[in-house]
């Protein structure tokens, strides 16, 4: 048997097609890494579009409007305040820390000021007061002192928490109490982010950590919303959203507290950690190409006769071919992984790879740390059923129909259709779809106590389903190969 | 009698309702070279595939070196080398790599043996070229090399000269002659071309429409049509009264079935009767003529 396997491997490695596909994969990996690096350099694309264009547009529109006309009033306030906001944004730049302050704190003042313009008899004293406050804010913006804003917010948050506590104490109905509880939790999250900003020196300037603060805040709000409104009628999708938010909030928290960059995807580490989502298609194509030809090609070219008149049972020959495919699968996964490791290291530098991998454990409600190597190993084990089952399908089809093209095409179509089947099953709420192989072959969805795509599936359930499909595919393959008459070619 | 290497008994093969082989029996002893002859579609390749276990046997048995091919496949096939149909080799590999793959599958077939076989089939100069660059003749020789690599005692060659030019056929024939002598194995060669086999086969089996018409020593097949002599004389009117077993061809020619030793006495009698003899020619019967007489042309169902 070992002799047969050695021969099969020799045959594969002498073929040009294998190397061509691997080279194309390498080219893709290099291209992808370079593109990701360029994207990360030009991070924070201005989602406000072109500020200059906006300013010109607003100015033109304002000329048409009469602030004192009752009909134009609300539109004037909108346009005028937006125009002034854009001008300030342009002045400080879209990536500056002032941007966020202008957007959240200064914009209301600008609206107030614009409102005074529309009043025929405006209150001069109040107007002056607003203008003074506005000017003071602007002068603080110029001082590069973002901490003062954070401190103000923190103070405000603390004050509000006290207020909400009082409301809670004096609450008469349960509903009011729950409402106050929810507010307190919101404010606690806000307070936490502000404390982090001051402690860890994370300004409002757009940066990796500023993004994490936003991520933590938004995810935590979703978590609170879900937890406070828990009801019996929760769908799996809602629960999945909740788990997702929980994971995102905790991962952001980990990075902020430890000063790590585990969520950064545009470095050698991030590219490696996302290995399977980026390069899965290549693994599938290469292994399906090999498994889809290993039997049928020998039949089509007549070389199978050379093999079948040797002192080995047909079952042994087929088994050795199947084992060869498994070995090739391991070689393919490892070599593509190595390619990404080396290319990622060369493009981004290897430093980031020292950071540990983290995963949120839903059972223990805590972050688990592990080395990148063991993280990749866990991921590989979890994803392995996908590749083994697709490989077996291609292998079976190629043996049953003696047609490589059919075997490869059908398998790839099946792979592409798998997510569609899963989606249809979830959307139409078809429970029996969980007995299909496609919702079960990705074991990673069961790891760390996460919620699987389908309710009622578990790791054990998935493994049994996978094993059943595996055996169902192999039995006819062996029977047909054993009984087949070698026809004239 | 020598050791029986291959014994096929009452082989039948049906494809659906169609009977491809009807009661084929064969026997090969050590040192035999059997010419397996029949027109295209007679069932030669099918018989060979049954012997090699490439197709299932409808009924009957194949026994190689004492082992049954269906019940004890690995033992039975161990000392068999074969080319079936075309020498289908891995075209993207070199000749040497092809042989190495085969050698890997047997115990004790090393580099020395590969080199020895390569020399035997005279491929030394091209053995490291890709098979896709080989001519058909070279591929046939490489096919033979892979078949004899593990020193089989039964060699089965299906149309080894198919598609070759006369020069190539001659080469292969000489190679096989040499091999049969050197390696001392029983050989089964199928062909639809009799001429290329008659010179070195010692046994012959004629198959037609899935049925064995004749299995015999080659001389016996030749004797089916007796040899004779053709005389050219001035007048043939009188000869059938004078001699026995005469076939008159025309006014000046007649044929007589006699042995070589009898020729002088016939001449003497003709001369005594005042008949002028212009020429005497021996009529040679080739295997092909015998074959055509036996099969009476070729009809494929």
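Residue numbers (my numbering), protein chains in the order written: chain H, -15 to 473; chain R, 11 to 311. Note that beta-carbon positions come from the ideal geometry of N, C-alpha and C, so glycine has one too.
- Residue 321(H) and residue 89(R) have their C-alpha atoms spaced approximately 46 Å apart.
- At a cut-off of 8 Å between beta carbons, residue 440(H) makes no contact with chain R.
- The Cβ-Cβ distance between residue 242(R) and residue 289(R) falls below 8 Å.
- Neighbours of residue 296(H) in chain R, taken as residues at a C-beta separation under 8 Å, are given in chain order as 84, 115.
- For residue 66(R), the residues of chain H that pass the 8 Å Cβ criterion are 467, 469, in the order they occur in the chain.
- DSSP, reduced to helix, strand and coil, places residue 222(R) within a strand of the structure shown.
- With 16 or more other Cβ atoms inside 10 Å of its own Cβ, residue 391(H) counts as buried.
- 285, 286, 287, 289, 290, 292, 293, 294, 295, 296, 297: these are the residues of the segment 283 to 309 of chain H whose beta carbon lies less than 8 Å from some beta carbon of chain R, given in chain order.
- Per DSSP, the continuous alpha helix (DSSP H) segment holding residue 133(H) begins and ends at 130 to 153.
- At least 8 Å separates the CB of residue 169(R) from every CB of chain H.
- Contact fails between the segment 443 to 463 of chain H and the segment 43 to 53 of chain R, because fewer than three Cβ pairs, one in each stretch, are under 8 Å apart.
- Annotation: the continuous alpha helix (DSSP H) that includes residue 236(H) extends over 220 to 242.
- Residue burial is scored here from C-beta neighbours: residue 357(H) has fewer than 16 other C-beta atoms within 10 angstroms and is therefore classed as exposed.
- In the DSSP assignment, residue 14(R) falls within the unbroken beta strand (DSSP E) covering 14 to 25.
- From the beta-carbon of residue -1(H), the residues of chain R found nearer than 8 Å are 102.
- Taking CB atoms only, residue -9(H) has a neighbour in chain R less than 8 Å away.
- At a beta-carbon threshold of 7 Å, none of the residues of chain H lie near residue 245(R); the nearest stands roughly 58 Å away.
- When 35(H), 49(H), 117(H), 114(H) are compared, the shortest CA-CA separation from residue 83(H) is found for 35(H).
- Assignment of residue 215(R) by DSSP, reduced to helix, strand and coil, places it in the strand class.
- Distance from residue 18(R) to residue 72(R) at the Cβ level is roughly 5 Å; contact confirmed, criterion being Cβ atoms closer than 8 Å.
- With respect to chain R, the C-beta atom of residue -6(H) has a partner C-beta closer than 8 Å.
- Contact between residue 72(H) and residue 39(H) does not hold, since the beta-carbon distance rounds to 11 Å and is not under 8 Å.
- Going by C-alpha positions, residue 222(R) is about 17 Å away from residue 43(R).
- For residue 97(R), the CB contacts under 7 Å within the same chain, skipping 5 residues up- and downstream, are 149, 150, 152, 153 in chain order.
- Counting only Cβ-Cβ distances below 9 Å, residue 253(H) has no contacts in chain R at all, with the closest Cβ about 40 Å away.
- If you look at residue 35(R), you'll find it in the beta strand (DSSP E) that goes 28 to 39.
- Taking 8 Å as the CB threshold, residue 92(R) lines the interface with chain H.
- For residue -13(H), the neighbours in chain R by C-beta distance under 8 Å run, in chain order, 114, 115.
- Not a single C-beta of chain H is nearer than 8 Å to the C-beta of residue 81(R).
- In the three-state reduction of the DSSP assignment, residue 197(R) falls in the strand class.
- Closer than 7 Å at the C-beta level to chain H, one finds these residues of the segment 34 to 59 of chain R: 55, 59.
- Residues of the segment 141 to 159 of chain R whose Cβ lies closer than 8 Å to any Cβ of chain H, in chain order: 156.
- Contact between the segment 244 to 259 of chain H and the segment 319 to 334 of chain H is established, with three or more Cβ pairs separated by less than 8 Å.
- The criterion of a C-beta distance shorter than 8 Å is not satisfied by residue 369(H) and residue 414(H).
- Setting aside the 5 residues that flank it on each side, residue 49(H) is surrounded in the same chain by 56, 59, 60, 63, each with a C-beta closer than 8 Å to its C-beta; the list follows chain order.
- Per DSSP, residue 258(R) is one residue of the beta strand (DSSP E) stretching across 256 to 258.
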